[in-house]
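Counting in my numbering, the sequence shown runs from 162 upward without gaps.
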Amino acid sequence: MNEHSVLIVEDNPTLRRLLEYRIGKHYDVRAAEHGEEALEFVETRAPDLIISDIMMPKMDGFALLKALRRNERTATIPFIFLTAKSDEASRAKGLSTGIDDYITKPFDIDYVLARVEQIIQRSQVYQTKLNARIGRDFSDRLMPKTMPREEGYRALFFSQPKEDGGGDLFDWVQLTDGSYLFTIGDIMGKGLQAKFYAFSFLSYIRSTIHAMLGSTVSPATLMRRVNAMLIQDQVLEETFASLLLLRWEPARDRVTYCNAGHCRPILVGLQGAGIIDYSDLILGLDPQTEFTDKAFTIPPGSALLCYTDGLNEQVTKSGQQFGEAGVALSASEALQAPQPIKMLLESMLERSADAHFADDILAFWLQRDAD
């Protein structure tokens, strides 16, 4: 059976059962006897299409349509009038309300089925395009437009959302002492919901950082505050997120970081790549979680790679995930490339079972020049 649902509103029991039977072969169908009952159904679950008579007891079709249009949640539900009112004045009145079709009785059931399919498909295409547009807008807001420029370093970034996108986020800010704070995260979930939470979450992080930078530049201290806010907030309390905060001091070639369950960074050098192995619990689970600062130096000619799980969870031709070791191998091959992130991704796709990445991908590459 089709996953889409249709609500039939018809006071004639024989006709109502006929429509239920024929349309029910293709869609999930519910039926109401009049407009008031239909509104009760819609309140519990909004259908993908409503087919309604006009002349009914308690609440007629026009009153039902008016009530639906007043509610933001139901205003755009596709709507068909199926009625015995066949005069031109009634038809004109019906069509003037912005409904999707006006079908008069007696009707051809095959025509009704064809119109149901066409209208649901059209609505689905429109919703898909709308979701994609919203997803792109959120993606633009979750990613930076520029990257830091410091002598002796290259800071590179790449992001590629999958369809509507998910919860990947990346941000950076320069601190008053000349260092930089980078935020790399992944909100659990897929699609627009995850992207909405990622946008809300990033707003929290930005406000927290700006509020606390006067008193601390410690990634761990910032992480503790973000975790507390995430758990206390009623909108985001059911949100779980991995997050990596990095403070980069280019004058000292030093990175201080705090990792809350995020993909572990990779330090790539001429002798190979190593995993920076410390990580705390993900955000949003426990208000008592302790977060710790760790630090390392970027040697000459080396690069730091930070990324989201779209890379390490990509499936290889052998059917296994790349994992950290697979990402590190491709990162080593990319170290001396003119465009290292491009080389990294191409290297991974050469080993992948698919010609494209299956999930959102995000990569941040910070490379120190050789002496």
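Glycine included, each C-beta is placed from N, C-alpha and C at the ideal position. None of the values given here were measured: they were computed from a predicted structure.
With DSSP collapsed to three states, give me the class of residue i.
i, result
"residue 252", "helix"
"residue 169", "strand"
"residue 271", "helix"
"residue 340", "coil"
"residue 287", "helix"
"residue 175", "helix"
"residue 188", "coil"
"residue 472", "helix"
"residue 180", "helix"
"residue 369", "helix"
"residue 106", "What the structure shows of the chain is the stretch from 162 to 532, and residue 106 is not part of that stretch, so it cannot be assessed."
"residue 351", "With a pLDDT of only 48 at residue 351, under the threshold of 50, the placement of this residue in the model should not be trusted; the figure read from the coordinates follows. Reduced to three states, the DSSP call for residue 351 is strand."
Could you pull the start and end residues of the alpha helix (DSSP H) that residue i belongs to?
i, result
"residue 392", "380-393"
"residue 203", "196-205"
"residue 505", "501-512"
"residue 230", "222-231"
"residue 491", "484-495"
Could you pull the start and end residues of the beta strand (DSSP E) that residue i belongs to?
i, result
"residue 420", "415-421"
"residue 468", "464-468"
"residue 523", "522-529"
"residue 403", "402-410"
"residue 213", "210-213"
"residue 443", "Neither: residue 443 is in no beta strand (DSSP E) and is coded neither H nor E."
"residue 318", "314-321"
"residue 259", "Where residue 259 is concerned, there is no enclosing beta strand (DSSP E), given that its DSSP letter is neither H nor E."
"residue 435", "433-436"
"residue 458", "455-458"
"residue 480", "Per DSSP, residue 480 belongs to no beta strand (DSSP E) and is neither H nor E."
"residue 240", "240-244"
"residue 375", "Element bounds for residue 375: n/a, residue is neither H nor E."
Among the residues of its own chain, which have a CB less than 7 Å from the CB of residue i, if the five just before and after it don't count?
i, result
"residue 336", "342, 374 and 378"
"residue 261", "239, 240, 241 and 280"
Whole angstroms is fine: what's the gap from residue i's alpha carbon to residue j's?
i, j, result
"residue 414", "residue 312", "11 Å"
"residue 320", "residue 371", "25 Å"
"residue 369", "residue 389", "11 Å"
"residue 531", "residue 347", "32 Å"
"residue 170", "residue 202", "10 Å"
"residue 315", "residue 403", "25 Å"
"residue 251", "residue 210", "21 Å"
"residue 481", "residue 524", "21 Å"
"residue 408", "residue 288", "41 Å"
"residue 469", "residue 423", "8 Å"
"residue 231", "residue 237", "10 Å"
"residue 506", "residue 410", "27 Å"
"residue 253", "residue 206", "30 Å"
"residue 333", "residue 344", "6 Å"
"residue 247", "residue 228", "23 Å"
Beta-carbon within less than 8 Å of residue i's beta-carbon, same chain only, minus the 5 sequence neighbours each way: which residues are those?
i, result
"residue 512", "477, 478, 483, 487 and 491"
"residue 387", "365, 366, 369, 404 and 444"
"residue 431", "462, 463 and 496"
"residue 384", "404, 406, 419, 421, 441, 444 and 452"
Kindly list the residues whose CB is nearer than 6 Å to the CB of residue i, restricted to its own chain and excluding five residues on each side of it in sequence; keep chain order.
i, result
"residue 498", "504"
"residue 191", "168 and 202"
Taking only heavy atoms of the ligand SAM into account, decide whether any of them is closer than 7 Å to the Cβ of residue i.
i, result
"residue 187", "In the structure on display, the ligand SAM does not appear, and there are no ligands present to speak of."
Measure from the C-beta of residue i to each C-beta in chain B and report whether the shortest distance is under 8 Å.
i, result
"residue 189", "Protein chain content of the structure displayed is limited to a single chain, and chain B is not contained in it."
### Query
Are three or more beta carbon pairs between the stretch 250-265 and the stretch 168-185 nearer than 8 Å?
no
### Query
Looking at C-beta atoms only, is the number of pairs between the stretch 494-514 and the stretch 437-450 that lie closer than 8 Å three or more?
no
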